[in-house]
Structures are given as C-alpha cells and as structure tokens.
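Q:
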Amino acid sequence: MPLFLRSTLPVAAVALLLAGSACVPSDATRREEPPEEQPEEVDLAQYEDFDPSPYREEVPSTGEEESAEHDVPERLLSGTAAEGVEQTVQGFRVQVLSSKDQSAAENAATEAQQWWRENAGSAPEGLFSDEDGLPVYTVYRQPYYRVRVGNFTDRAEAERALQFLQQRYGDAFIARSEVTVTQ
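For the sequence shown, position 163 (counting from the first letter as 1) is numbered 163 according to this note's numbering, and the numbering increases by one without interruption.
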C-alpha cells in the first residue's frame, strides 16, 4: 500500500463516520419525555415543630387614636422647612446710576435711600419687602460704579419698581443681576 494512503486512511475513516452520523433522521435522536406529573401536596405540619402561639401580640383596644412620638422638627412636618432661608439666584435689579467716580456712586446710593424714606408711602403695595428700607447696592465692574436697587426674581416685579423709580430717576433701567432672596 502506498505511503500517502496509509497516512490519509485514518482521517478518511473518521470523516466517513462523522458524515454518516449526521445523516441519521432527527426523530431518532429525540428522547421520549415522561408526561408532566403533578406534585403531591405535602402536609408540612408533620415536619414543622415551631409553635408560634407564645409569640402572639395583642392589639390594644383603647378606642382612642394612637399618637406617635418622633424627633422630626415641626418645620419639616408642616412643609415650611425653607422659610427664612436665604438663596442667591439669577434675578433683576433697577439700575439708577452708572459713574466712573466712586464717591458719586456712594452719594447716589445714599440719596436713593433718602428719596425712598420720603416717598415710600406713595409706592405700590408690596413693591419692596425689605423692612430696612430700599435695598440699594453699589456694584463695581471696571471702569464703572453702578447703583442698583431691589432684589427681584420676577421681571414683572422689576417692571413695577422701574415705573415707580423713573419718577426720580428718568434714565433707570432693568439689569440682570444675582439677587439674594429670603423664602
């Protein structure tokens, strides 16, 4: 027998066996599964030896509504936890003056406070909620000192203040600014 047949014969035999086994019909490879059986009901009482009767707890029947004691602050329970908290938010102020001179800006701020004390009675209701008077701020952004009034989170409130302040400051306008508000 030639040499090349001797070396390929075992490989050919294995290939024939594999090819022959692949030709077996698929029904022949199926196994018969036994029909599903319903499990028997087992009475666990025969295996359980725990007696819960000593652990039963009686519910008090006082007829009155029970109250719970807790350590939660009343502010949290009533939903007023944020009251009195100061926040810095994006809002509006009314700018009444812009000057390169620092002393002119400081004088304008003092004059605005004085004007407010004299005219607060004619201001619209609830215009400035600050008990200390008119909230006036001097802001420096190079090269100008800006005198701004109010802490408004709503543009409509700033518009109302602008209408009132334009009686004294005709060139006043609304400017975006970070404002501190108390809730």
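No residue lacks a Cβ here, since even glycine has one placed at the ideal position from N, Cα and C.
Bear in mind the structure is a predicted one, so any value in this text is a computation, not a measurement.
Spatial neighbours of Q113 within its chain, please: C-beta separation below 7 Å, excluding the five flanking residues on both sides.
A: Closer than 7 Å at the Cβ level, and outside the excluded window around Q113, lie G133, L134, V136.
Q: Apply the 10 Å Cβ neighbour rule to V42 and answer buried if 16 or more other Cβ atoms are within range, or exposed otherwise.
A: Flag for V42 reads exposed.
Q: DSSP on S53, reduced to helix/strand/coil?
A: Here S53 sits in helix by DSSP.
Q: Given F164, which residues of its chain have a CB within under 7 Å of its CB, disregarding the five upstream and five downstream residues?
A: Closer than 7 Å at the Cβ level, and outside the excluded window around F164, lie A123, P124, L127.
Q: What residues are listed by DSSP as bridge partners for L97?
A: Paired residues: V147.
Q: Nearest to S103 by CA position, among L76, Y145, R155, S78, is which residue?
A: It is Y145 whose Cα lies nearest to the Cα of S103.
Q: Report the partner residues of T180 according to the DSSP bridge assignment.
A: According to DSSP, T180 bridges with T88.
Q: Measuring alpha carbon to alpha carbon, tell me which residue in A81, L77, Q166, F50 is nearest V149.
A: Comparing Cα-Cα distances from V149 to each of A81, L77, Q166, F50, the minimum goes to Q166.
Q: With DSSP as the reference, label A172 as helix, strand or coil.
A: Reduced to three states, the DSSP call for A172 is coil.
Q: For Y55, does the count of other Cβ atoms within 10 angstroms reach 16, so buried, or fall short, so exposed?
A: Looking at its Cβ environment, which holds fewer than 16 other Cβ atoms inside 10 Å, Y55 is exposed.
Q: Considering only residues of the same chain and omitting the five flanking positions on each side of D171, which have a CB-CB separation below 7 Å?
A: If we look at D171 and ignore the five residues flanking it on each side, it has no Cβ neighbours.
Q: Exposed or buried, what is G84 when buried is set at 16 or more other beta-carbons lying within 10 Å of its beta-carbon?
A: G84 should be labelled exposed.
Q: Under the assumption that A120 contacts V147 (Cβ atoms under 8 Å), give the Cβ distance between them as a whole number of angstroms.
A: Wrong, their Cβ atoms sit about 18 Å apart, outside the cutoff.
Q: Kindly list the residues whose CB is nearer than 8 Å to the CB of R160, restricted to its own chain and excluding five residues on each side of it in sequence; keep chain order.
A: Excluding positions up to five away in sequence, the list reads P124, L127.
Q: According to DSSP, simplified to helix, strand and coil, what is T110?
A: Here T110 sits in helix by DSSP.
Q: Just how far apart, CA to CA, sit V59 and V181?
A: If I take the Cα positions, the gap works out to 51 Å.
Q: Of the choices E37, R168, R93, whose alpha-carbon is the least far from that of F152?
A: Nearest option by C-alpha distance: R93.
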